[in-house]
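**Q** Sharing a structure with you now.
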Ligand SMILES: Nc1ncnc2c1ncn2[C@@H]1O[C@H](COP(=O)(O)OP(=O)(O)OP(=O)(O)O)[C@@H](O)[C@H]1O
Ligand SMILES: Nc1ncnc2c1ncn2[C@@H]1O[C@H](COP(=O)(O)OP(=O)(O)OP(=O)(O)O)[C@@H](O)[C@H]1O
Ligand SMILES: [Mg+2]
Ligand SMILES: [Mg+2]
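Residue numbers (the numbering used here), protein chains in the order written: chain A, 1 to 227; chain B, 228 to 454.
Following this line, the structure appears as structure tokens:
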């Protein structure tokens with residue numbers, strides 16, 4: 001489903017070159033549940049942005065669902081990304097001037113669903129993350145953890161086959177974090193959704209079946225998680 | 228130093244009323260190291276915003292360093308806040324179009340220090356959080372954990388006597404999080420700086436000497452942390 005071969009990402013900053021990803025090769029099958037860990041700045045979000053078609057590699061190739069992503073035109077890439085991937089961003093990325101409900105409903109705009117269905121499903125997703133009575137709040141009227149949960153609701157509402165979650169529990173208390181990870185386990189087990197979670201907490205990584213470690217842009221470990 | 232008496236904070240949303248803080252009374256002395264925990268939405272950030280003079284209570288009173296904060300004019304409040312409080316925000320709050328160095332130097336603009344000294348101290352603060360070679364990056368050229376560390380550097384650069392840190396390790400790997408908490412311990416022990424840390428991680432809360440628990444806007448526990 002997801003196949004990276006020799007993927008690198010570099011940035012030029014004046015006369016220095018920063019290697020955010022260094023020749024990463026990685027294959028993830030439909031239905032996998034992968035945890036990604038590594039120090040701050042080791043390339044995890046960069047990896048997620050490339051897998052999520054939000055960024056392009058400097059070198060190497062990326063195939064998503066059989067398509068060579070670098071060969072796709074912008075519109076086709078947007079369509080494939082929108083129907084294939086639900087993204088929980090590290091920084092939330094909510095629209096500031098619209099309500100939680102509108103933010104969660106947004107990914108369905110391209111799906112052709114009618115307004116009643118979009119809002120019904122957005123409400124359902126908000127209820128799933130415990131925010132039914134915050135539907136009409138704007139992001140600045142929500143706590144940090146509530147904003148993070150709106151981001152999670154938005155990522156699941158389209159029932160996309162792949163969920164990329166970049167530190168989904170970083171702003172959540174332990175109990176709420178466990179609820180979210182159990183939600184991901186349910187989606188993986190019952191709907192066969194592929195889950196990739198970036199986390200720096202070992203207890204959260206344990207929900208996955210496979211652990212990938214990054215350091216300085218390189219993948220340094222890829223092993224099964226034994227319970 | 229910090230004295231809250233019967234502090235409440237309410238928001239009106241249409242025909243419902245949300246009680247973010249419910250009659251909180253709390254006294255914190257200079258040199259204290261306090262950890263604050265509680266579920267998502269329980270009022271922790273609201274408390275920090277009131278202590279940090281970024282928000283006003285709906286009821287009750289708040290005295291900071293002997294001043295009744297509600298009696299201060301806007302300019303005087305800004306001056307007292309700027310010299311008394313270093314704030315690590317839950318959402319980072321960095322200026323997007325300026326470098327890490329400029330962001331860290333910002334609180335010193337009001338202190339009257341000359342440019343060379345402001346930039347020397349900003350570089351020093353960045354080095355303290357391990358970001359010396361990211362000084363000229365803008366926030367969108369930094370990882371989540373790097374942005375969080377720039378926020379921390381900005382909070383310590385003025386050597387303010389109070390540091391309010393709202394989930395300062397939420398985006399940091401375990402090793403980096405420990406470095407940051409050890410930095411706070413040093414500042415508390417060697418410079419007598421008062422530290423208040425909001426966290427949802429028990430291991431992080433253990434660095435404090437006093438634990439305060441919130442639930443539904445109320446303080447439900449206030450006890451010593453025994454090692
Ligand atoms: N401007 C606002 N208007 C309405 N409700 C608000 C507003 N700001 C905050 N709230 C509500 O106040 C409550 C407390 O929010 P607060 O940000 O203090 O929680 P918190 O304990 O910091 O949570 P977290 O751990 O998720 O960061 C939440 O239920 C939130 O929805
Ligand atoms: N636009 C950019 N220009 C220059 N350097 C960048 C840019 N974006 C990211 N970087 C650098 O690339 C490296 C990897 O960043 P990335 O965000 O992938 O790390 P991360 O593993 O997600 O870290 P964290 O755990 O702190 O979120 C970092 O050192 C960062 O400074
Ligand atoms: Mg990241
Ligand atoms: Mg908060």
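Think of the CB as a built atom: it goes at the ideal place given N, C-alpha and C, for glycine as much as any other residue.
With DSSP run on the structure shown, which of helix, strand or coil describes residue 170(A)?
**A** In the structure shown, residue 170(A) adopts coil according to DSSP, grouped into three states.
**Q** Could you list the residues in the segment 394-413 of chain B with a C-beta less than 7 Å from some C-beta on chain A, going in chain order?
**A** Of all residues in the segment 394-413 of chain B, only 394, 397, 398, 399, 400, 401, 402 and 403 place a beta-carbon less than 7 Å from a beta-carbon of chain A.
**Q** Under 7 Å: does the beta carbon of residue 257(B) sit that close to some heavy atom of ligand 3?
**A** no
**Q** For ligand 2, any of its heavy atoms closer than 7 Å to the Cβ of residue 448(B)?
**A** no
**Q** By Cβ distance, which residues of its chain are closer than 7 Å to residue 294(B), with the 5 residues on each side in sequence left out?
**A** 307
**Q** Can you tell me the Cβ-Cβ gap for residue 441(B) and residue 236(B), rounded? I've got them flagged as a contact below 8 Å.
**A** Contact check for residue 441(B) and residue 236(B): beta-carbon distance about 12 Å, past the 8 Å limit, so the pair fails to qualify.
**Q** Would you mind stating whether residue 431(B) and residue 396(B) have Cβ atoms separated by less than 8 Å?
**A** yes
**Q** Could you check if residue 202(A) is buried or exposed, using at least 16 other CB atoms within 10 Å of its CB as the buried criterion?
**A** Exposed, since its Cβ has fewer than 16 Cβ neighbours within 10 Å.
**Q** Using 10 angstroms around the beta-carbon of residue 40(A), count the other beta-carbons present and answer buried if the total reaches 16, otherwise exposed.
**A** buried
**Q** What residues from chain B crowd round residue 138(A), counting only those whose CB sits closer than 7 Å?
**A** The contacting residues do not exist; residue 138(A) stays about 10 Å from chain B at best.
**Q** Using a Cβ cut-off of 9 Å, which residues of the segment 259-272 of chain B contact any Cβ in chain A, in chain order?
**A** Of all residues in the segment 259-272 of chain B, those with a C-beta nearer than 9 Å to a C-beta of chain A are 264, 265, 266, 267, 268, 269, 270, 271 and 272, reading in chain order.
**Q** With C-beta atoms as the reference, is residue 427(B) less than 8 Å away from residue 174(A)?
**A** Contact: yes.
**Q** Using a Cβ cut-off of 7 Å, pull out every chain E residue sitting near residue 370(B), in sequence order please.
**A** Any reference to chain E falls outside this structure, whose protein chains are A and B.
**Q** Using CA coordinates, which residue listed in 262(B), 281(B), 436(B) and 418(B) is at the minimum distance from residue 302(B)?
**A** 281(B)
**Q** Cβ closer than 8 Å: which chain B residues qualify as neighbours of residue 90(A)?
**A** 371 and 398
**Q** Please list the residues of the segment 426-438 of chain B that have a C-beta atom closer than 7 Å to any C-beta atom in chain A, keeping them in chain order.
**A** 427
**Q** Per the contact definition of three or more C-beta pairs closer than 8 Å, is the segment 120-136 of chain A in contact with the segment 388-395 of chain B?
**A** no
**Q** Could you check if residue 393(B) is buried or exposed, using at least 16 other CB atoms within 10 Å of its CB as the buried criterion?
**A** So residue 393(B) counts as buried.
**Q** For a test of the three-state rule: what should DSSP assign to residue 67(A), helix, strand or coil?
**A** If DSSP states are grouped into helix, strand and coil, residue 67(A) belongs with the strands.
**Q** What does the Cβ neighbour count give for residue 273(B), buried or exposed, with the cut at 16 atoms within 10 Å?
**A** buried
**Q** Is it buried or exposed for residue 447(B), if we count other Cβ within 10 angstroms and need 16 for buried?
**A** By the 10 Å Cβ count, residue 447(B) comes out exposed.
**Q** Taking Cβ positions, are residue 364(B) and residue 340(B) nearer each other than 8 Å?
**A** no
**Q** Could you check if residue 71(A) is buried or exposed, using at least 16 other CB atoms within 10 Å of its CB as the buried criterion?
**A** exposed
**Q** Check whether the Cβ of residue 217(B) lies closer than 7 Å to any heavy atom of ligand 3, and answer yes or no.
**A** Outside the displayed span of chain B (228 to 454) sits residue 217(B), for which this structure offers no information.
**Q** Determine the extent of the beta strand (DSSP E) in which residue 11(A) is found, giving its start and end residues.
**A** Note, residue 11(A): beta strand (DSSP E), 2-13.
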